[in-house]
Amino acid sequence: MESSGGWRIAKRKKGRRSRKRTTVPLEHVEPAEQGAPSEDDLEKTIQWVSSARCEIQGSKMWAQFRELFSEVVLNRGLATPFDCTVIYGLGGLSSFVSRYQLGLVLELRDWLALGRIETFDPIFTERDKLVMQRLGVDVLGSNERGARVAKAPTLVYMAHCEADLHENLISANRQANSLHNLVMIGNDLYKYKELFDGGPKPQYPEPVTLLELCHQGRVISHPLEELDLMDTRAFNDTSLQIFRTS
């Protein structure tokens, strides 16, 4: 393990064979879930997630992401590792995009030796929940609607979530004076500023706190640019973001 300001970064052991890189056809269509999932269904889904991870491991995107994460997060002076990692709005694992996104979080877990990972999405099926459990991800029993207060350093992963979830998270932590504990992987928040600052207003409530922080320049956003995966939809418009306290 490497240490960086209290962080512990897991190194892959020398001599360990790299996992065989396999892919799942983009046109794969998952049949509707009926009844309890079989063991074969669970193992197949876990294999699909593993395949997504293998592709991420060999991608330029993952190399760029680790470089960004080291520069923006590991070297910014946090004294302790993340208390928790929270995933919102992942979607069902029948989606190729969702498996990519979960694969990235699991790669981060191995790289950073992350502890507890929690997730919630109201569309999770019983199969999704069981697969999460087997992969070491805890499914929350209630919908926080994004309003998690980061009492300690917390990584929040919410790719392609709606503006209201971002607003709930940012507003809750601004009120609790805990924005400095948040590291967010998700939509570039400045894109919401562009939507509301010019042209017709979107057909959803204005995310007031989010827009205020963007106008004040208190959101520090680092977009992912190397999207060289087979399906780039999983991470398009995705940024690594932290917040200035003043």
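Position one of the sequence shown corresponds to residue 119 (the numbering used here), numbered consecutively onward.
Think of the CB as a built atom: it goes at the ideal place given N, C-alpha and C, for glycine as much as any other residue.
Query - Start and end residues, alpha helix (DSSP H) containing C279 - result: Premise fails: C279 is in no alpha helix (DSSP H) and is neither H nor E.
Query raised in the report: Within 10 angstroms of its Cβ, does Y322 collect 16 or more other Cβ (buried), or is it exposed?
Result: Exposed, since its Cβ has fewer than 16 Cβ neighbours within 10 Å.
Query raised in the report: How close, in whole Å, do the beta carbons of Y308 and S339 come, if the pair is a contact with beta carbons under 8 Å?
Result: Right, their Cβ atoms sit about 6 Å apart.
**Report entry** Three-state secondary structure assigned by DSSP to I288
**Finding:** In the three-state reduction of the DSSP assignment, I288 falls in the helix class, which pools H, G and I.
Report task. For Y308, name the three-state secondary structure that DSSP assigns. Result -> Helix at Y308.
Query - Span of the beta strand (DSSP E) around H340 - result: Unbroken beta strand (DSSP E) run through H340: V337 to P341.
Query raised in the report: What are the boundary residues of the beta strand (DSSP E) that F238 is part of?
Result: That run of the beta strand (DSSP E) goes I235 to F238.
Query raised in the report: Are P199 and P271 close, meaning C-beta to C-beta below 8 Å?
Result: Contact: yes.
Query raised in the report: What did DSSP end up calling D256 once you bin it into helix, strand or coil?
Result: Three-state DSSP puts D256 in a strand.
Query - DSSP bridge partner residues for Q359 (one or two, in chain order) - result: Paired residue(s): M302 and S339.
Report task. Can you grab the Cα-Cα spacing for the pair Q359 / V301, in whole Å? Result -> Taking the straight line from one Cα to the other gives about 6 Å.
Report task. Tell me whether Y206 sits in a helix, a strand or coil according to DSSP, three-state version. Result -> If DSSP states are grouped into helix, strand and coil, Y206 belongs with the strands.
Query raised in the report: Residue range of the alpha helix (DSSP H) that I241 falls in?
Result: If you look at I241, you'll find it isn't in any alpha helix (DSSP H); DSSP assigns it neither H nor E.
Query raised in the report: Should P320 and L331 be called a contact, given that it needs their Cβ atoms to be closer than 8 Å?
Result: Not closer than 8 Å, so no.
Query - Check whether R217 and V167 have beta carbons under 8 Å apart - result: Yes. Within cutoff.
Requested in this report: Please list, in chain order, all residues of the same chain as E344 whose beta carbon is under 6 Å from its beta carbon, the five residues on each side excluded.
Outcome: In chain order, K178, M179 and Q182 place their CB closer than 6 Å to the CB of E344, counting only its own chain and leaving out the 5 sequence neighbours on each side.
**Report entry** H284 classed as buried or exposed, judged by whether at least 16 other C-beta atoms fall within 10 angstroms
**Finding:** Per the 10 Å Cβ criterion, buried.
Requested in this report: Along the alpha helix (DSSP H) that carries D159, what are the first and last residues, could you check?
Outcome: Note, D159: alpha helix (DSSP H), E157 to Q175.
Query raised in the report: Between the beta-carbon of H278 and the beta-carbon of G207, is there less than 8 Å?
Result: Yes, Cβ-Cβ distance for H278 and G207 is below 8 Å.
Report task. Under 8 Å Cβ to Cβ from D349, same chain only, skipping five residues before and after it: list those, please. Result -> Around D349: L144, F214, V215 and Y218.
Requested in this report: For D346, count neighbouring Cβ atoms within 10 angstroms of its own Cβ and tell me buried if that reaches 16, exposed if not.
Outcome: By the 10 Å Cβ count, D346 comes out exposed.
Requested in this report: Leaving aside the five residues before and after G221 along the sequence, list all residues of the same chain whose C-beta is less than 7 Å from its C-beta, in chain order.
Outcome: Closer than 7 Å at the Cβ level, and outside the excluded window around G221, lie V167, A170, R171 and I174.
Query raised in the report: Looking only at its own chain, which residues have a Cβ that is under 8 Å from the Cβ of V249, when we skip the five neighbours before and after it?
Result: Hits under 8 Å: L160, T163, I164, V167 and L211.
Query raised in the report: Rounded to a whole number of angstroms, what is the C-alpha to C-alpha distance between D239 and L273?
Result: Approximately 17 Å, taken between the alpha carbons.
Requested in this report: Use the C-beta contact count for P318: other C-beta atoms within 10 angstroms, 16 or more gives buried, fewer gives exposed.
Outcome: Taking every protein chain shown into account, the CB of P318 has fewer than 16 other CB atoms within 10 angstroms, so this residue is exposed.
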